[in-house]
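Heads up, the thing below is written out as structure tokens.
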Amino acid sequence: MNTSPASRTPASPTPASTSPASTFPAGIERGFAAARQIADSVLLAGYVLYPYRASAARNRLRWQFGVLVPPEYTAQGGEHSHQRTDCVMEARASDRLAVELRFLRVQRRTVEQATATGGFEPVERLELADRVLVERDEAVEERIEVLLDVDELIREGAQRAFRLPGVGGTELLREHGAAVGRLVRRREQVDGLVRLTAEELPGPYQAQRLTAVVENVSGWVPPRRASREEALPRSLVSTHLLLGLEHGRFVSATDPPEWARPAVERCRNRHTWPVLAGPDGGYGVMLSSPIILEDHPRVAPERLGTLDDATEIDEILALGEQLPRIC
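Numbering (the working numbering), first residue to last: 20 to 346.
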């Protein structure tokens with residue numbers, strides 16, 4: 020079984036355009052590339068929403084979908100710490116299963132102003148010549164990759180534990196050559212677990228039921244009446260799974276063929292829903308999303324930009340000279 024973590028850190032509130040190199044076979048990676056366009060539509064939900072300011076309530080309470088909180092926080096916050104995907108697949112002999120767990124990790128950004136003594140002090144906002152900086156949450160996309168033989172999965176199952184350590188950094192801000200402030204960024208430690216099992220289904224069709232469970236296993240113990248804001252940096256946010264077979268195919272959970280309907284009805288999905296997401300209507304990729312989608316969802320051409328649509332992009336450009344930049 021091959022596993023690897025990957026991450027990318029945006030300098031702005033939206034993810035960077037570059038992606039980490041994948042360890043998956045070329046055929047699976049092609050299928051995942053198409054499915055990621057759909058997944059990104061969900062991952063991006065919760066970033067700053069135009070035309071609201073960073074201080075707006077709609078932008079301060081974000082990421083309403085696919086949040087897996089630390090298990091000790093579930094009783095206080097009413098949110099869950101795991102999600103479970105069940106689906107039926109038709110793996111061929113010597114087939115391999117690729118699993119890509121994708122989620123956002125909250126990165127808290129605070130603003131500090133330079134003092135006359137050469138130090139820095141926290142402030143709510145810092146006005147520069149070309150923009151106004153305020154404290155806010157950013158996000159880092161994280162990926163956990165697993166590649167394993169289906170035969171091994173049926174015999175033994177598999178699990179992949181991962182730890183993302185807490186990290187921090189500063190970005191010095193200068194005007195006219197002098198330091199005027201700095202941005203301080205901090206990510207908390209996040210611990211997770213991916214558990215995979217598969218079982219052969221009775222009958223002549225050589226099909227299997229796949230179960231994939233994603234858990235937040237962070238040991239953080241929240242103080243009494245801890246806020247959601249305290250839990251988010253230790254959570255998996257907008258959590259998705261991409262599932263791919265090298266040679267086989269998945270069965271629709273929404274409209275299965277008659278022979279597979281009894282097996283599909285026994286599937287138990289929790290806090291997520293799997294849909295077919297292969298390119299060109301293919302059956303080799305499944306996307307398990309916290310938002311219920313239809314099979315083979317597509318991104319409208321006008322939504323392929325980093326903003327919602329071309330009209331908003333035009334409006335942003337038109338208003339950019341009239342409104343102060345609050346970042």
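Beta carbons are placed, not taken as given, at the ideal position from N, Cα and C, and that holds for glycine.
Quiz item: Do you know how far the Cα of D149 is from the Cα of R317?
Solution: 38 Å
Quiz item: What residue from A180, R253, A245 has the CA that sits closest to R205's CA?
Solution: R253
Self-check item: Distance between L306 and P184 (C-alpha atoms, nearest Å)
Solution: If I take the Cα positions, the gap works out to 27 Å.
Quiz item: Which residues in the same chain have their Cβ closer than 8 Å to the Cβ of P350, if we skip the five residues on either side of it in sequence?
Solution: This structure cannot settle anything about residue 350, because the visible part of the chain is limited to 20 through 346.
Quiz item: Whose C-beta lies closer than 7 Å to the C-beta of G339 among residues of the same chain, with five residues either side of it excluded?
Solution: Annotation note: pLDDT 47 at G339 (below 50); position unreliable, coordinate value reported separately. Once the five neighbours on either side are set aside, G339 has no close Cβ partner at all.
Practice problem: Kindly indicate the opening and closing residues of the beta strand (DSSP E) around G263. | Solution: 256-264
Quiz item: At which residues does the alpha helix (DSSP H) containing V283 begin and terminate?
Solution: 280-284
Exercise. Could you tell me whether the segment 142-157 touches the segment 220-234, where touching means 3 or more Cβ pairs closer than 8 Å?
Key: Output reads no: the segment 220-234 does not touch the segment 142-157.
Quiz item: What are the partner residues of L145, as DSSP defines its beta bridges?
Solution: L152
Self-check item: Exposure of H315, with buried meaning 16 or more beta-carbon neighbours within 10 Å
Solution: buried
Exercise. Look at the Cβ atom of A272, then the Cβ atom of C106, and state whether they are nearer than 8 Å.
Key: Yes, they are a contact pair.
Quiz item: If you measure from the CB of L172, is any heavy atom of the ligand HEM nearer than 7 Å?
Solution: For the ligand HEM, the structure offers nothing, since it holds no ligand at all.
Quiz prompt | 4 or more residues per run - each alpha helix (DSSP H) lying fully within the segment 162-210 | solution = 169-175
Self-check item: Contacts around E313, its chain only, beta-carbon distance under 8 Å, and the 5 residues preceding and following it disregarded
Solution: T273, V294
Quiz item: Where does L191 land, buried or exposed, given buried means 16+ other C-beta within 10 angstroms?
Solution: Residue burial annotation: L191 is exposed, with fewer than 16 other C-beta atoms found within 10 angstroms of its C-beta.
Quiz item: When you compare only the Cα positions, how much space is there between L260 and A245?
Solution: 29 Å
Quiz item: Nearest-angstrom Cα distance between G97 and H195?
Solution: If you take the alpha carbons of G97 and H195, they lie about 49 Å apart.
Exercise. Rounded to whole angstroms, what's the CA-CA distance from A117 to R127? Just pull it up for me.
Key: Straight-line Cα distance between these residues: approximately 32 Å.
Quiz item: Do you know how far the Cα of I163 is from the Cα of W239?
Solution: 21 Å
Quiz item: Does DSSP classify F51 as helix, strand or coil?
Solution: helix
Quiz item: Does the distance from the CB of R103 to the CB of R289 come in under 8 Å?
Solution: Yes, Cβ-Cβ distance for R103 and R289 is below 8 Å.
Quiz item: For R124 versus V209, is the C-beta distance shorter than 8 Å?
Solution: yes
Quiz prompt | Simplified DSSP assignment, three categories, for E119 | solution = Strand, per DSSP.
Quiz prompt | Continuous alpha helix (DSSP H) assignments of at least 4 residues falling wholly in the segment 87-112 | solution = 93-96
Quiz item: Applying the criterion that 16 or more other CB atoms from any shown protein chain within 10 Å of the CB defines a buried residue, is R55 buried or exposed?
Solution: buried
Self-check item: Cα-Cα separation, P70 to V186
Solution: Note that P70 scores 45 on pLDDT, short of 50, meaning its location in the model is unreliable; the coordinates nonetheless yield the value given after this. Distance between the alpha carbons of P70 and V186 is about 31 Å.
Exercise. Compare the Cα-Cα distances from E146 to each of V199, A110, G188, T129 and report the closest residue.
Key: Nearest of V199, A110, G188, T129 to E146, Cα basis: V199.
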